[in-house]
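**Q** Could you have a look at this structure, given as structure tokens, before my questions?
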Amino acid sequence: MSLKQPCRSGIISRYREHLPISNKTPLISLNEGSTPLLHSPKLSSLLSAHVYLKYEGLNPTCSFKDRGMTMAISKAVEEGAKRILCASTGNTSASAAAYAARAGMQCVVLLPAGRIATGKMIQAYLYGARVIAIQGNFDDALRLVRQLGERHDFVVVNSTNPYRLEGQKTAAFEIIEELGEAPHLHLLPVGNAGNITAYWRGYSEFYRLGISQRLPLMLGVEASGAAPLYHGAPMDHPETLATAIRIGQPASWHGAMKAIEESSGCFDIVSDEEILKAQQWLAREEGVFAEPASVVPVALLLKYASATNPSSLRTNAIFRKLPAHPTVVLTLTGHGLKDPETASHSISPPLEVAPTLQEVLAHL
Ligand SMILES: *Cc1c(COP(=O)(O)O)cnc(C)c1O
Numbered sequence: 515m516s517l518k519q520p521c522r523s524g525i526i527s528r529y530r531e532h533l534p535i536s537n538k539t540p541l542i543s544l545n546e547g548s549t550p551l552l553h554s555p556k557l558s559s560l561l562s563a564h565v566y567l568k569y570e571g572l573n574p575t576c577s578f579k580d581r582g583m584t585m586a587i588s589k590a591v592e593e594g595a596k597r598i599l600c601a602s603t604g605n606t607s608a609s610a611a612a613y614a615a616r617a618g619m620q621c622v623v624l625l626p627a628g629r630i631a632t633g634k635m636i637q638a639y640l641y642g643a644r645v646i647a648i649q650g651n652f653d654d655a656l657r658l659v660r661q662l663g664e665r666h667d668f669v670v671v672n673s674t675n676p677y678r679l680e681g682q683k684t685a686a687f688e689i690i691e692e693l694g695e696a697p698h699l700h701l702l703p704v705g706n707a708g709n710i711t712a713y714w715r716g717y718s719e720f721y722r723l724g725i726s727q728r729l730p731l732m733l734g735v736e737a738s739g740a741a742p743l744y745h746g747a748p749m750d751h752p753e754t755l756a757t758a759i760r761i762g763q764p765a766s767w768h769g770a771m772k773a774i775e776e777s778s779g780c781f782d783i784v785s786d787e788e789i790l791k792a793q794q795w796l797a798r799e800e801g802v803f804a805e806p807a808s809v810v811p812v813a814l815l816l817k818y819a820s821a822t823n824p825s826s827l828r829t830n831a832i833f834r835k836l837p838a839h840p841t842v843v844l845t846l847t848g849h850g851l852k853d854p855e856t857a858s859h860s861i862s863p864p865l866e867v868a869p870t871l872q873e874v875l876a877h878l
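In the working numbering, the protein residues as written are 515 to 878.
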């Protein structure tokens, strides 16, 4: 008996003709992509818009990084690489380690010491990566990886690897296919700025092919303590509890600027306090648990919807360009369980009571 073709088999199978893949490319996949596009009733009513959440936390290693990694590792195997290398704020290393394990390759990851969420750290170890903690920040780790990458026994799988962004652009394809058209506005968190570059590429390609009839405005959201693109200058000491976007020198600076300029979008910022509030709000109001970096677009929309003086926000100029009841998509980049510590600051420990019905009823 032969296996039936699985309905979900990864982004390379789904979008082969739009990717730099040949018949010789081995397929290293964990069935990433095809993630849910959830309607968000509460955000929709707050903004008089049709708001959708692209829930990338439901990828195999629980972040969007898997879309790029299936491409980067498949191409690395095709090129005969034996070792891959990356710097990471956590999710890239989790994903790289998983796909390297799948391909039977060694994976080396450089992480900023003490700045990685627990879940992500455990993933890298468990998938068998060689983990080296750098006494510095992500930007230091990426600088070292670039130097090591000049030696030919390593393939670097950071978003400087051209295949990563090719894989990541498929999220925009999925959104267009599911909505039947591109949204009017797309918001996403920005760290190293690879993903906003990739989404813009994806939207632009389907537009050029006539698959969609419009291009969205792109809104890139940074944490206020790590906001080089918002301020237009690199930062030496980025600081935010959203560790996945704690980056002061984005590698894809140019691509992100191009996305914003060509789409007539903008960058905006939210504070750590607004991020934590948005994380709780999204879980309670919509039943979706996403990691802190993922909810920065939610935080921005909540801030905008409740602002007494919305024109003080850059986002206001964007909304004024939109039609009435626009379609808006937010990318939720990673799963909430990646970073239990940060979320646990906002909960109190459970009440302990005696095992009797009376006691339990007394506390309801
Ligand atoms: C990597 C990552 C980001 C930032 O994406 P960039 O491509 O670096 O801008 C945001 N959120 C999560 C959860 C991530 O893992």
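Glycine included, C-beta positions come from ideal geometry on N, C-alpha and C.
Whole angstroms is fine: what's the gap from residue 876's alpha carbon to residue 863's?
**A** As a first step, residue 876 must be located in the sequence shown, where it is residue number 362. As a first step, residue 863 must be located in the sequence shown, where it is residue number 349. One C-alpha to the other measures close to 18 Å.
**Q** Can you give me the start and stop residues for the beta strand (DSSP E) that residue 805 sits inside?
**A** Position 291 of the sequence shown, counting from 1, holds the residue named residue 805. Careful: residue 805 lies outside any beta strand (DSSP E) and carries neither H nor E.
**Q** Which ranges would you report for the beta strand (DSSP E) in the stretch 725-751 if only whole runs of at least 3 residues count?
**A** Counting only runs of 3 or more, we get 731-737.
**Q** Considering just the uninterrupted stretch of the beta strand (DSSP E) at residue 781, what are its terminal residues?
**A** Here residue 781 refers to the residue found at position 267 when the sequence shown is read from its first residue. Run containing residue 781: 780-784, per the beta strand (DSSP E) assignment.
**Q** Alpha carbons only, please: which of 672, 603 and 641 is nearest the one belonging to residue 581?
**A** Position 67 of the sequence shown, counting from 1, holds the residue named residue 581. For residue 581, the nearest C-alpha among the options comes from 672.
**Q** Would you decide whether residue 707 is buried or exposed? Buried here means 16 or more other CB atoms lie within 10 Å of its CB.
**A** For the purposes of this step, residue 707 is taken as the residue at position 193 of the sequence shown. Residue 707 is buried by the Cβ-count criterion.
**Q** Measuring alpha carbon to alpha carbon, tell me which residue in 833, 819, 840 and 856 is nearest residue 804.
**A** Here the question's residue 804 lines up with position 290 in the sequence shown. Looking at the Cα atoms, 856 is the closest of the given residues.
**Q** Do residue 697 and residue 689 come within 8 Å of each other at the CB atom, strictly closer than that value?
**A** Mapped onto the sequence shown, residue 689 falls at position 175. Mapped onto the sequence shown, residue 697 falls at position 183. Against a cut-off of 8 Å, the Cβ pair of residue 697 and residue 689 comes out as a contact.
**Q** Quick check: what's the CA-CA separation for residue 865 versus residue 777?
**A** Locating residue 865 in the sequence shown gives position 351, counting from the first residue. Locating residue 777 in the sequence shown gives position 263, counting from the first residue. If I take the Cα positions, the gap works out to 51 Å.
**Q** Quick check on DSSP: helix, strand or coil for residue 566?
**A** Counted from its first residue, the sequence shown places residue 566 at position 52. Three-state DSSP puts residue 566 in a strand.
**Q** I need the DSSP call for residue 620, collapsed to helix, strand or coil.
**A** What you label residue 620 is simply residue 106 of the sequence shown in a count that begins at 1. It is a strand residue.
**Q** Under the assumption that residue 848 contacts residue 576 (Cβ atoms under 8 Å), give the Cβ distance between them as a whole number of angstroms.
**A** Working through the sequence shown from its first residue, we reach residue 848 at position 334. Working through the sequence shown from its first residue, we reach residue 576 at position 62. Indeed, because the Cβ distance is near 6 Å, the residues count as touching under 8 Å.
**Q** Could you check if residue 683 belongs to the surroundings of ligand 1, using beta carbon to heavy atom distance under 7 Å?
**A** The residue given as residue 683 occupies position 169 in the sequence shown. No; taking the cut-off as 7 Å, the Cβ of residue 683 has no heavy atom of ligand 1 nearer than that.
**Q** I'd like the list of long-range same chain contacts for residue 678, defined as Cβ closer than 6 Å, with 5 residues on each side in sequence excluded.
**A** Here residue 678 refers to the residue found at position 164 of the sequence shown. Contacts found: 582 and 586.
**Q** Suppose contacts are defined by Cβ-Cβ distances below 8 Å. Is residue 611 in contact with residue 643 by that definition?
**A** Within the sequence shown, residue 611 is the residue found at index 97, counting from 1. Within the sequence shown, residue 643 is the residue found at index 129, counting from 1. A contact, by the Cβ cut-off of 8 Å.
**Q** Within the present structure, is the beta-carbon of residue 707 separated from the nearest heavy atom of ligand 1 by less than 7 Å?
**A** As a working mapping, residue 707 is identified with position 193 in the sequence shown. Yes, the Cβ of residue 707 comes within 7 Å of a heavy atom of ligand 1.
**Q** Determine the contact status of residue 738 and residue 808, defining contact as a CB-CB distance below 8 Å.
**A** Position 224 of the sequence shown, counted from the first residue, corresponds to residue 738. Position 294 of the sequence shown, counted from the first residue, corresponds to residue 808. Cβ distance not < 8 Å, so residue 738 and residue 808 don't count as in contact.
**Q** Taking only runs of the alpha helix (DSSP H) that begin and end inside the stretch 555-602, which ones reach a length of at least 4 residues, in chain order?
**A** Counting only runs of 4 or more, we get 555-561 and 579-592.
**Q** My output table needs one value for residue 768: the three-state DSSP class, helix, strand or coil.
**A** One-based indexing of the sequence shown puts residue 768 at position 254. Helix at residue 768.
**Q** In the DSSP assignment, the beta strand (DSSP E) including residue 703 goes from what residue to what residue?
**A** In the sequence shown, the residue the question calls residue 703 occupies position 189. From DSSP, the beta strand (DSSP E) with residue 703 extends over 699-703.
**Q** For residue 549 versus residue 573, is the C-beta distance shorter than 8 Å?
**A** Residue numbering aside, residue 549 sits at position 35 when the sequence shown is read from its first letter. Residue numbering aside, residue 573 sits at position 59 when the sequence shown is read from its first letter. Taking 8 Å as the Cβ cut-off, residue 549 and residue 573 qualify as a contacting pair.
**Q** Here's the rule I'm using: 16 or more other beta-carbon atoms within 10 Å means buried, otherwise exposed. How should residue 835 be labelled?
**A** Position 321 of the sequence shown, counted from the first residue, corresponds to residue 835. Exposed.
**Q** Which same chain residues, not among the five before or five after residue 873, have their C-beta less than 6 Å away from its C-beta?
**A** Along the sequence shown, one-based indexing puts residue 873 at 359. Excluding residues within five positions, the ones whose Cβ falls inside 6 Å are 867.
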